[in-house]
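Single-structure report; data block below.
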Amino acid sequence: MSNVARVALGTLAALAVAFGAEAAVTLNSARVGGPDVEALGKFYAAAFGLKEVNRIPVQGGPELFFNFGDSVDAAKANTAAQVVIMHADAVANDSVPHLIFNVTDAAATAAAVKQAGG
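All residue numbers for the sequence shown refer to the numbering used here, where the first residue is 2 and numbers rise by one.
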């Protein structure tokens, strides 16, 4: 697994624990990136059993959306947070990976992040 994937998964786990007790915050998706989106997508599918549920054509390669399920249809029906893979170029100093949260009270969430040292 690449360092990008390790960092993304570690960050996801840490933030899931940190925000898990906050009912007003849920994980929408986790984004990871690499120079070969198709190869990275095949890796996540093979290693974790993820199914591709959507793809958006963008410059530099498609943005791929994955989720868990026994079939593609089951993965599409899964309402859990998705893994999104997008093109990232280390030479261009891209800021991928990142996490996307749904929040019901942005001001309270921002205050909690600031209080936690963010």
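Ideal Cβ placement from N, Cα and C applies to all residues, glycine included.
What are the boundary residues of the alpha helix (DSSP H) that includes residue i?
i	result
A109	A107 to Q116
A82	Run containing A82: none; DSSP gives neither H nor E here.
Please list the terminal residues of the continuous beta strand (DSSP E) segment that includes residue i.
i	result
F102	H99 to V104
Output the distance between the C-alpha atoms of residue i and residue j, rounded to the nearest integer angstrom.
i	j	result
D71	L51	9 Å
V38	G62	7 Å
V26	N79	19 Å
P98	V33	4 Å
L41	A108	35 Å
Based on the DSSP output, what are the partners of residue i in its beta bridges?
i	result
F67	E53 and V84
Keeping to the same chain, check which residues put their C-beta closer than 6 Å to that of residue i; ignore five residues upstream and five downstream.
i	result
S30	A82, Q83, V85 and I101
Give me, in chain order, the residues of the same chain whose beta-carbon lies closer than 7 Å to that of residue i; leave out the 5 immediate sequence neighbours on both sides.
i	result
K43	none
Counting only C-beta atoms, is residue i closer than 8 Å to chain B at any point?
i	result
I57	Absent from the structure: chain B. Only one protein chain is present.
Entirely enclosed alpha helix (DSSP H) segments - the stretch 19-65, minimum 4 residues: 38-49
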